[in-house]
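Per UniProt numbering, the sequence shown runs over residues 1 to 147. From the three backbone atoms N, C-alpha and C, an ideal C-beta is built for every residue, glycine too.
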Amino acid sequence: MTILTAVGQEVESNEILELGYELATAYDEQLRVLHVIPKEDFNEHKAALEGTPASESFTISREEQSAAEIARQAVHESLDEYDSDRVETQGRIGDPTDKILAEVDRTEPRYLVIGGKGKSPVGKVIFGSTAQSVLLNASCPVVLASR
1 MTILTAVGQE
11 VESNEILELG
21 YELATAYDEQ
31 LRVLHVIPKE
41 DFNEHKAALE
51 GTPASESFTI
61 SREEQSAAEI
71 ARQAVHESLD
81 EYDSDRVETQ
91 GRIGDPTDKI
101 LAEVDRTEPR
111 YLVIGGKGKS
121 PVGKVIFGST
131 AQSVLLNASC
141 PVVLASR
């Protein structure tokens, strides 16, 4: 089994990753860190490159590699010391809720660790649409990291 941790590009990913890594260590599991680039962002980037030499090599696969690199960078910036053999990063392109839930279905993690947007614990659940959808639809226990 694994501990799946979904991160964004925000500094708040630190707490999410710290909690995910603590769980992975406590349960002697692999930590899978997922970053999803929204499809709209992918399309905007692709349109901006249209007509340039870089547009020929701009693919979903390459952009997923970029998303995985964002996850790697978040791990590097968030965790002072960690066992690199315990951590795996992945990137996806699409609707963040759909991609996170698809990864949950594919990997069947012990826990999913996510963050919520909001100032109070209740606000985080109510106003974070991705967090709310994932909490309501995930087929595994979800840990909502407090930011």
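Local Cβ density within 10 Å of residue i, reported as buried at 16 or more and exposed below that
i: Gln9; result: exposed
i: Ala6; result: buried
i: Pro141; result: exposed
i: Tyr27; result: exposed
i: Pro109; result: buried
Within 8 Å, strictly: CB atoms of residue i and residue j
i: Val143; j: Leu101; result: no
i: Leu31; j: Val87; result: yes
i: Ala145; j: Leu23; result: no
i: Leu112; j: Ala74; result: no
Own chain residues within Cβ distance below 8 Å of residue i, not counting five before or after
i: Ala68; result: His35, Thr89, Gln90, Gly91
i: Ser55; result: Lys46, Leu49
Beta-carbon contacts of residue i that lie in its chain and below 7 Å, excluding the five residues immediately before and after
i: Ser139; result: Val104, Asp105
i: Glu64; result: Gly91, Arg92, Ile93
Rounded distance between the beta-carbons of residue j and residue i, thought under 8 Å
i: Glu29; j: Thr2; result: 6 Å
Does the region 87–101 come close enough to the region 34–54 that 3 or more CB-CB pairs lie under 8 Å? yes
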